[in-house]
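These protein sequence lines map, in sequence, to chains Y, F, R and D.
Position one of the first sequence corresponds to residue 1 (the UniProt record's numbering), numbered consecutively onward.
Position one of the second sequence corresponds to residue 1 (the UniProt record's numbering), numbered consecutively onward.
Position one of the third sequence corresponds to residue 1 (the UniProt record's numbering), numbered consecutively onward.
Position one of the fourth sequence corresponds to residue 1 (the UniProt record's numbering), numbered consecutively onward.
We put the CB at the ideal spot given by N, CA and C, even for glycine.
Protein chains: 4
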Amino acid sequence: MVITDNLLSSLLQTRAHSEEICSPLQTEDYVVQPIVDVSPPKWHLGHTTWFFEEFILSKYKTGYTRFHSDFAFVFNSYYESIGKRVIRTNRGNLSRPTVNEVYEYRHHVTSHLKSLLEENENQQIKDLVEIGIHHEKQHQELLLTDIKYILGNNPLLPKYNDTFIENPKMESSTEYHTIDEGVYEIGYKGKDFCYDNELGVHKVFLQKYAIADKLVTNKEYLEFINDNGYEDSLLWHAEAWDWIKKNNIKTPLYWHEIDKEYHQYTLGGLKILNPDAPVTHISYYEAFAFAQWKGERLPTEFEWEAAQQYFNYGVRWEWTESAYLPYPNYAKAPGALGEYNGKFMVNQKVLRGGSVATPNNHTRYTYRNFFHPQLRWQFNGLRLVKNK
Amino acid sequence: MVITDNLLSSLLQTRAHSEEICSPLQTEDYVVQPIVDVSPPKWHLGHTTWFFEEFILSKYKTGYTRFHSDFAFVFNSYYESIGKRVIRTNRGNLSRPTVNEVYEYRHHVTSHLKSLLEENENQQIKDLVEIGIHHEKQHQELLLTDIKYILGNNPLLPKYNDTFIENPKMESSTEYHTIDEGVYEIGYKGKDFCYDNELGVHKVFLQKYAIADKLVTNKEYLEFINDNGYEDSLLWHAEAWDWIKKNNIKTPLYWHEIDKEYHQYTLGGLKILNPDAPVTHISYYEAFAFAQWKGERLPTEFEWEAAQQYFNYGVRWEWTESAYLPYPNYAKAPGALGEYNGKFMVNQKVLRGGSVATPNNHTRYTYRNFFHPQLRWQFNGLRLVKNK
Amino acid sequence: MVITDNLLSSLLQTRAHSEEICSPLQTEDYVVQPIVDVSPPKWHLGHTTWFFEEFILSKYKTGYTRFHSDFAFVFNSYYESIGKRVIRTNRGNLSRPTVNEVYEYRHHVTSHLKSLLEENENQQIKDLVEIGIHHEKQHQELLLTDIKYILGNNPLLPKYNDTFIENPKMESSTEYHTIDEGVYEIGYKGKDFCYDNELGVHKVFLQKYAIADKLVTNKEYLEFINDNGYEDSLLWHAEAWDWIKKNNIKTPLYWHEIDKEYHQYTLGGLKILNPDAPVTHISYYEAFAFAQWKGERLPTEFEWEAAQQYFNYGVRWEWTESAYLPYPNYAKAPGALGEYNGKFMVNQKVLRGGSVATPNNHTRYTYRNFFHPQLRWQFNGLRLVKNK
Amino acid sequence: MVITDNLLSSLLQTRAHSEEICSPLQTEDYVVQPIVDVSPPKWHLGHTTWFFEEFILSKYKTGYTRFHSDFAFVFNSYYESIGKRVIRTNRGNLSRPTVNEVYEYRHHVTSHLKSLLEENENQQIKDLVEIGIHHEKQHQELLLTDIKYILGNNPLLPKYNDTFIENPKMESSTEYHTIDEGVYEIGYKGKDFCYDNELGVHKVFLQKYAIADKLVTNKEYLEFINDNGYEDSLLWHAEAWDWIKKNNIKTPLYWHEIDKEYHQYTLGGLKILNPDAPVTHISYYEAFAFAQWKGERLPTEFEWEAAQQYFNYGVRWEWTESAYLPYPNYAKAPGALGEYNGKFMVNQKVLRGGSVATPNNHTRYTYRNFFHPQLRWQFNGLRLVKNK
């Protein structure tokens, strides 16, 4: 249970943090959408605000007037049951509302949320505010990855800032920890916030396996590249092979070979590739092919969760072999909030752990992130498993 | 273990049966490819023949001369490691080789296989022949579904024949059988042929559930349609919703509303919809939305397998909630034959059971069929499960 | 004016000739449609028959019963005002009606036309029959070019026959004939049949120019290729440049470089390129770029017509610089027949002359053929002009 | 001949005017590209600047250093021979350089041009500066139409300013002026600047015709709409019909039916449709269909030019029936500047006159504007012609 003071403080910190993330940006950077998966930063700022306005203020704040009647249309995302959404590919066409107007919208909503929380002890409101905070934290991670894409695909390769650390220090040797076969409990058991997709604690039976305590590094991934891993069709899924051939993919995203040396675009600008850093910006397809080449495999999300006390996580979202599916007894929330997770449970892969872009306290070992298998713009990586 | 006599007889019967399936066709029907998922019948006849030539005759038959040097190029499918394949969408552009030439090719290869088996006791050859028989049986099912699509999408709606039974008699009342929670064994334990994807007997832990002993009928599905199931976005996955809206999907495939009455194209021609027949030609998306609307769900493939002694199957391939993933300890065969199953283990859903189009003795309760979630041209249906 | 006997004989000869063109085909060759511009031969046979049924028999033959009620739907082409047409890309999906049924349809319609003409002296019918004959002759040319495409894009490269002459003998030296500036009359002045787009004799003013009396040859075109003509963007229209780069075009259609020697697929099979033959299967874009490279240009259709007594034509359709536009006082026929020409008068280029595939007596020096500038599957070529 | 003082003054005014056009914009408006035909305003500002830097400063200014080495890549457009261009659809993905940087670039280049002109009497430089001025004026018109598209397709429908006059007063009655048949001279005969595509004065022979002295109005166009003009396929070109059906086009661009009354988005915001204003934002296809419906036709560009003293022009670019083709003796300039006009002479229609968005003194009666027939975002309209 969250008490109101902490909740309000958490809300205000979260709202402020989204704006801090954007502080190094130029106005122009807020506007563009180079690919459909990336949203313009001003859209993230507006959408997270709309979420609070739509699900809380418009319902629970007496006499609340929406900041702008058209913003629900502009800043809605996938909430089909709320209204006609902007076609997703069109977000990058919208020069208005301006960045300044979006900030005004944010401050308007934040201040009304503040007074609502100060006036009100309704638990339902508090629960919704908490969901809104977590929703905004998810978008904070997307803000960072989308900003990276916007700047990293600009021919001028501008840097974001000098302080963001993409590659925290890692010890070099990798050990494998063996997990015995048996029944394990999976799912969130705590009392704090979690998403509906983590709920429904249940048992799974796992066969014996051994899991690496370190992520795969750039150095190891380079061995795969140099061994022509991208040219051996037997290592790849059929769809993956078509995808790498059609898109001419030969390295992770953001790698540039300059004078026969690999460089990597980072939020700090273009840098020589650090061989000891965990490999990142790879698709599930590449993670799988690497593991095939190595003669090992990816963990399932259950193997990952059952073994999590044996390793550190939080630097790369780790692709698992598991498809994103409902847990037994999964029930989605009624109404529009029920669209949060369940409607995406097809054709996606689960990632576990968290990354350098994940906001503080936002991840946990039961957290189930998910993306389509070909997506690379997140800070994704991989950890290996061996059968025993 | 298969003894040679039986193997040869099984081979010859299988080869003959493929040709029997095509006997009602006009030459023109062998040639066209209306959508990418459907292959021209002459391609199926050639491809199953090429499989025997490529993996057996060219390797084990002394002095064997290929029937035509370009046929490996024309009739290969997805075997990336064997050679440059014909772009799949182009199969329907090829008027040559003619149907007669394909039949000559078939007879050439069948007769060389016959003499090879008569001369030879090599177990490796027998194993490969057995795989080739099962491969051809899989294509026999595709022949029927592809023929249905070719004829059923022709404005003249020609019938295939008068004898194929799409809707065997079903008893009408449905009961649910409860399965207790616990550890169940999954996978093929027998000694006869099975595919690599069924191997690796292993334990899974299942929660308590109840499974229907009958398939969902057209009548039940009509209730969903009449209750505006295709118009309620909350019932659908996000990708499903985009798909039904983009493709204007409002009924199962092959349904035609004529004078306010639903008709269904069948291999016997256009018929008034039979309300008691199990619904078919639906996508996973539709099966899922139907179950959501009903307040129930699809079984996982493990729940299906653990409960299979409680119901009959074999009339419709039953969509499960399970993604098509490798079993623990799954190992694909080395070389090109290893491309058979493993490379498709992403973005597909498992179907269990078998259908009216499945050849005799080709299915079993551990058999794992798989298709992309939007595909409807197979005889797919669904069975419901309730949580307990 | 055509007298009935001649008209009937011309009709029967034309109907028979379409079938002769198809006589070397296998049934399968009648069915496929490798690209949208190519129609299946059985469609041509059915469409030309439907034209007679739709515009003559169904209107003027007492008690006439259509051969099949759905054929209007299957064999209509672009006649928007007649009914819902088959989406053009789908012609190659239709296995039915069969080739035999199409021939039955042809014989049914031909015999009813015969009896109609024998019974009837109505001039309107005769005029329509004459249009139908010319319509079918146009499709005879398309039959040949479409058959060439179907066979020439099959990996087995089957020949059509041994007798079709693609490259009649040409004398080698080219001379330029100078035409003085002045006012010239353009358009059809005769009393025989011509299309509406040739009508409206009118004056044009031409500047002085000189026109070649020979077509450009393969040898000359090879010089352009060897001088890197396909790599010099300054020679090409902007749209042309995008088109050759996107489609990786480096030679005319049907050229194959084998062991460093150019070969050309012809209706007689694959042959070594004949340097003295007029170049063919080039787009307008390529014709234009060649002329730019040569420092000359293409004639306008008016220059071509005004100079036509100075050269032979009829071996290649000759790209002109003229866009396909209405002549002054052009008026299209009322009703569906008015869709014949006028509706295509945008984004197309005029070609003059005729080709080896043009039926006897079908072309004349006022005949205006037209195609989109990127199309290559016709027997197109070019003649050069110099400013004076 | 332009004397230097006037040239410099003209240059500085032109450079300043582009910036004035953008002065009502928010920073965000400079960045987006909603469709491929529209460029972001900051791209126009940069591209016109790059033109001066590339063709003048880098070649003629001693010791000139480019403002930024990557800007040639970012701001080049279609000049294939200069270097690898940015894929056109990607212009809207580029947040950098920022608007401020683009203005710095402009001022850098303008000030170097100023000193170059002050130091230098080289006629070649003056000629190039004059081309650069006219090039920038062309982009001033595009700036206005692109800004209109960017704002007019934003769901908030923001206005540009209150002073831009889209619909100057027009007298209401239309008269037709008859032009006798005969030979007329076409092309630019003056001594001032004109584009290469206007050069080559030459004679054309025109048949007798009568041309309207007024543009078609909204009121007249509404009659066409209300008479189901958009539903009668016989009025339309085949490609036009496919285009209006595919894109669901039923009115000119920017028309909105609100409460059964037509409104029109203008640079001054959303307004009730003015029936007396000349219709605008229509494609050639619509102009042609309207004329067909009216039983009249569009003028050719030669008819327009020969009759121009009988009417006023400059409010709408007037679609003509003429395709955009080279005049006799047309010769494009050598090198990259030769790409200015000639490479677009295919698949486009000529427009004559000028519009409310055309900069002062930029148009003349010999000016040949050109666009693809489906494009509507320019201030296009039409004038009718009758045969006599």
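Chain F has no Cβ within less than 9 Å of the Cβ of aspartate 259 of chain R. Asparagine 369 of chain D and asparagine 248 of chain Y have their C-alpha atoms spaced approximately 40 Å apart. DSSP places glutamate 185 of chain R within a strand segment (E or B) once states are collapsed to three. The continuous stretches of beta strand (DSSP E) do not include serine 172 of chain R, and DSSP gives it neither H nor E. Under the 9 Å criterion on CB atoms, threonine 49 of chain F is classed as non-interfacial with respect to chain R. Shown here, tryptophan 377 of chain D sits in coil according to DSSP, grouped into three states, outside any helix or strand.
DSSP places leucine 351 of chain R in the uninterrupted beta strand (DSSP E) bounded by 349-352. Residue ranges of uninterrupted alpha helix (DSSP H) with 4 or more members, entirely inside the segment 265-320 of chain D and ordered along the chain, are 284-294 and 301-306. Of all residues in the segment 198-215 of chain Y, those with a C-beta nearer than 7 Å to a C-beta of chain F are His202, Lys203, Val204, Phe205 and Gln207, reading in chain order. Here the alpha carbon of leucine 270 of chain D sits roughly 21 Å from the alpha carbon of leucine 375 of chain D. DSSP places glutamate 53 of chain R outside any beta strand (DSSP E), giving it a letter other than H or E. Looking only at R:Asp180, R:Glu257, R:Arg91 and R:Leu57, the smallest Cα-Cα distance to glutamate 28 of chain F is reached by R:Arg91. Take the alpha-carbon of glutamate 141 of chain F and the one of isoleucine 282 of chain R: they are about 45 Å apart. According to DSSP, residue pairing for leucine 206 of chain F in a beta bridge involves F:Gly182.
Taking C-beta separations shorter than 6 Å and ignoring five residues to either side along the sequence, the partners of serine 322 of chain Y in its chain run Thr300, Glu301 and Val350, following chain order. By the CB criterion at 9 Å, asparagine 387 of chain D and lysine 208 of chain D fall inside the cutoff. Along the segment 166-183 of chain F, going in chain order, the ones with a CB nearer than 9 Å to a CB of chain Y are Glu181 and Val183. When the Cα atoms are used, threonine 163 of chain D and isoleucine 21 of chain D turn out to be separated by approximately 12 Å. By the C-beta density criterion, aspartate 276 of chain Y is exposed, having fewer than 16 other C-beta atoms within 10 angstroms. Three or more pairs of CB atoms, one per stretch, sit closer than 8 Å, so the segment 302-322 of chain Y contacts the segment 164-179 of chain Y. Taking 9 Å as the cut-off, the Cβ atoms of phenylalanine 67 of chain Y and tyrosine 30 of chain Y do not count as close.
In the three-state scheme derived from DSSP, where H, G and I count as helix and E and B as strand, alanine 331 of chain Y is classed as coil.
Residue environment for lysine 137 of chain R: buried (at least 16 other C-beta atoms within 10 angstroms of its C-beta). Residues of chain F whose Cβ lies closer than 9 Å to the Cβ of threonine 217 of chain R do not exist, since the nearest Cβ in that chain is about 32 Å away.
Bridge partners of isoleucine 258 of chain R according to DSSP: R:Glu261. Between the alpha carbons of proline 97 of chain D and glutamine 348 of chain D lies a distance of about 33 Å. For a Cβ distance threshold of 8 Å, residue set Asn90 and Asn93 of chain Y lies close to proline 34 of chain D, ordered along the chain. Taken atom to atom, the span from the alpha-carbon of glycine 182 of chain F to that of phenylalanine 205 of chain Y is near 10 Å. Identification of chain R residues near arginine 96 of chain F by a Cβ-Cβ cut-off of 8 Å yields Gln26, Glu28, Asp29, Leu151, Asn154, Leu156 and Pro158, ordered along the chain. In the DSSP assignment, lysine 126 of chain Y falls within the unbroken alpha helix (DSSP H) covering 123-152.
For a cut-off of 8 Å, the C-beta gap from glutamate 198 of chain Y to tyrosine 188 of chain Y is around 4 Å, short enough to register as a contact. For methionine 345 of chain Y, the CB contacts under 6 Å within the same chain, skipping 5 residues up- and downstream, are Tyr324, Leu325 and Pro326 in chain order.
The shortest C-alpha to C-alpha distance from glutamine 13 of chain R to any of R:Phe371, R:Ala212, R:Ile186 and R:Asn361 is the one to R:Asn361. The criterion of a C-beta distance shorter than 9 Å is satisfied by leucine 253 of chain F and tryptophan 377 of chain F. Under DSSP, alanine 323 of chain D takes part in a beta bridge, and its partners are D:Lys349. DSSP links lysine 386 of chain D through a beta bridge to D:Ala210.
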